[in-house]
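Using this note's numbering, the first residue of the sequence shown is number 7, and each one after it goes up by one. Glycine included, C-beta positions come from ideal geometry on N, C-alpha and C. For clarity, every value in this text was computed on a predicted model and none was experimentally measured.
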Amino acid sequence: MSGLCSIRRPPAERLRISSLHGAPHAKIVAQTPGEKERVSTSENVDATFQPGKGIESLVQQGNFEYTDGEQRAWSGKATYVPDQRLLTLSQSPRVAVGASVTTAKGMRLYRDTGEGVAEGDVKSTYNDMKPEPQGSLLASGSPIHVTAQSMKATRMPTIAVYSGNARLWQDAKVVQAPVIRFDRDHRSVVAEGSKRQPVSTVLVQLDKAGRAVPVTVTSDRLTYTDSERRAHFEGNVVAKGAGVATSAAAMDVFLEPAGSDQRTIAQSNTGKIDHIIASGSVVVSQPGRRAAGDRLVYTASEDKFVMTGGPPSIFDAEHGKITGVSLTFFRGDDRVVIEGSQALPTVTQTRVAR
């Protein structure tokens, strides 16, 4: 059988053949009442039939291409099982939904649920991102990229769960974790870590010269939605920036809005830290200085740390240990502002050389 091959499902009582081969330029057109027409093409096709039931499977090989509304797929080989409404792609498969594209070693598309599963060297690129002036971490119009070992996605809503050394990034902002859940429409991320691999998030902070420097935060879990501009970190949180490290049980990092200047957004100047609130066994470490307390508020514009609760204390080699109701100190100098009370006066413990 050669030339244009069109296969339709005849009534079961008329079906007698057990297999069919078509080549070259095979084309299959299928349409279910109430659904859009689905078209697939390939160099050849092999169909097998169940006696009295119809098509059992379709195998298309050689430059396979599939179109189903806004979803398109390409691969070297494709197998479709009508009873399961399952399309399995192998040999360098690629699937596009709108402007978003995913590649992997193998992929499965479930027509009943709209779910898709990708396995082996998964990479997704979300090309249809528009600048969001009120967003921050993912506000750029640049593509968002995700890599992982496997992925499971739904189309309504557009949510993908990436597992196995997952890495999501846009411009210089990066999230790495064993599992990343990404909601494209809401630009939200939920990342889950493990004992062996915590969540790692790279944010941006401006130094005194106005240059963007990275701030890396590790944690057990990250929750972020771009419209809120708040990154919530839980469990064994450690934030490391230029000359300072902060650890806590939980940390909320509030980011500056991207703004309406399209040049600023295009230049990847998004995801900048505005302020941080950390709680639970908070420790701030700098060269020669260490502060501890129950709660910390950091303001990026002033490079100011305010520690409370515990009560808070700060130690350095020159002044010893100082305790008060509230301790305020700055990254770039040795100033420490101490507040006490009648119930908890300021206490200074100084080392004496012998």
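Length of the line joining the Cα atoms of residue i and residue j
| i | j | result |
| --- | --- | --- |
| E76 | R187 | 23 Å |
| T373 | Q176 | Residue 373 lies beyond the residue range present for the chain, which begins at 7 and ends at 360; the question has no answer from this structure. |
| I252 | P263 | In the sequence as displayed, the identity of residue 252 is Thr instead of Ile. Each residue's Cα considered, the two are about 24 Å apart. |
| Q292 | V196 | 30 Å |
| R100 | V107 | 7 Å |
| A79 | Q66 | 13 Å |
| D189 | M162 | 11 Å |
| R117 | A145 | 32 Å |
| E345 | V290 | 18 Å |
| Q97 | E71 | 12 Å |
| T305 | A102 | 43 Å |
| S361 | K327 | Any answer about residue 361 is impossible in this case: the structure gives the chain only from 7 up to 360. |
| E40 | G60 | The question names Glu, yet the displayed sequence has Gly at residue 40. Approximately 21 Å, taken between the alpha carbons. |
| A359 | V343 | For A359, the predicted model reports a pLDDT of 40, less than 50, meaning its position is unreliable; a value from the coordinates is still stated below. Roughly 26 Å between the two C-alpha positions. |
| A272 | K201 | Unreliable placement is indicated for A272, whose pLDDT of 48 sits below 50; the coordinate value is still reported in the next sentence. Computed Cα separation, rounded: 37 Å. |
| S25 | I34 | 15 Å |
| P139 | A36 | 43 Å |
| V243 | A124 | 31 Å |
| A254 | A297 | 12 Å |
| S307 | K136 | 28 Å |
| T109 | N171 | 16 Å |
| T356 | E324 | Summary for T356: the model assigns pLDDT 42, below 50, so the residue's position carries little reliability; its value from the coordinates is reported in the next sentence. So the two alpha carbons sit approximately 8 Å from each other. |
| S81 | V45 | 14 Å |
| V331 | G216 | 33 Å |
| H27 | V180 | 49 Å |
Contact under 9 Å by Cβ, residue i with residue j
| i | j | result |
| --- | --- | --- |
| D213 | A248 | yes |
| T54 | A32 | no |
| R295 | D322 | yes |
| L302 | A284 | yes |
| Q182 | S169 | no |
| A256 | G286 | yes |
| S225 | V205 | yes |
| F239 | V223 | yes |
| G199 | G241 | yes |
| R227 | D280 | no |
Cutoff 8 Å; reference residue i; Cβ partners in own chain excluding five residues on either side
| i | result |
| --- | --- |
| G299 | V288, M313, T314, G315, G316, P317, P318, S319, L333 |
| K42 | D74, G75 |
| D134 | G104, A105, S106 |
| G338 | K214, D309 |
| I23 | F55 |
Residues of its chain near residue i, where Cβ-Cβ distance is below 6 Å and the 5 sequence neighbours each way are ignored
| i | result |
| --- | --- |
| G122 | L115, A159 |
| K111 | G126, D127 |
| D89 | none |
| T153 | K129, R173 |
| V167 | K158, R187 |
| Q203 | P184 |
| V210 | A218, G277, K278 |
| T131 | V107, P149, H151 |
| T164 | R190, D191 |
| F336 | D309, K310 |
| K83 | Q67, S96, Q97 |
| L64 | A53, Y86 |
| T38 | none |
Cut-off 7 Å between Cβ atoms - residues of its own chain near residue i, not counting five sequence neighbours on either side
| i | result |
| --- | --- |
| N69 | S48, E49 |
| E62 | T54, F55, Q56 |
| G265 | P139 |
Integer-rounded CB distance, given that residue j should sit under 8 Å from residue i
| i | j | result |
| --- | --- | --- |
| Y230 | L143 | 6 Å |
| M113 | L92 | Actually they do not touch by this definition, with Cβ atoms about 11 Å apart. |
| G120 | D232 | The pair is not a contact, with the Cβ atoms about 24 Å apart (cut-off 8 Å). |
| I282 | V259 | 5 Å |
Chain D contact for residue i (CB, 9 Å cutoff)
| i | result |
| --- | --- |
| K33 | Here chain D cannot be found, since the structure has a single protein chain. |
query = Which runs of the beta strand (DSSP E), 3 residues or longer, sit entirely within the stretch 133-187?
reply = If we require 3 residues or more, the beta strand (DSSP E) runs fully inside the stretch 133-187 come out as 150-160, 165-176.
query = What residue ranges within the stretch 255-330 form continuous alpha helix (DSSP H) runs of no fewer than 4 residues, ordered along the chain?
reply = Listed in chain order, the complete alpha helix (DSSP H) runs (minimum 4 residues) inside the stretch 255-330 are 268-272.
ask   = Enumerated in chain order, which unbroken segments of the beta strand (DSSP E) with a length of 3 residues or greater are wholly contained in the stretch 45-119?
value = Segments of the beta strand (DSSP E) lying fully in the stretch 45-119: 50-56, 60-74, 77-87, 92-96, 100-103, 106-109, 112-116.
key: Length-filtered (3 minimum) beta strand (DSSP E) runs lying within the stretch 189-249   = Within the stretch 189-249, the complete beta strand (DSSP E) runs of at least 3 residues are 194-198, 205-212, 218-225, 227-231, 236-247.
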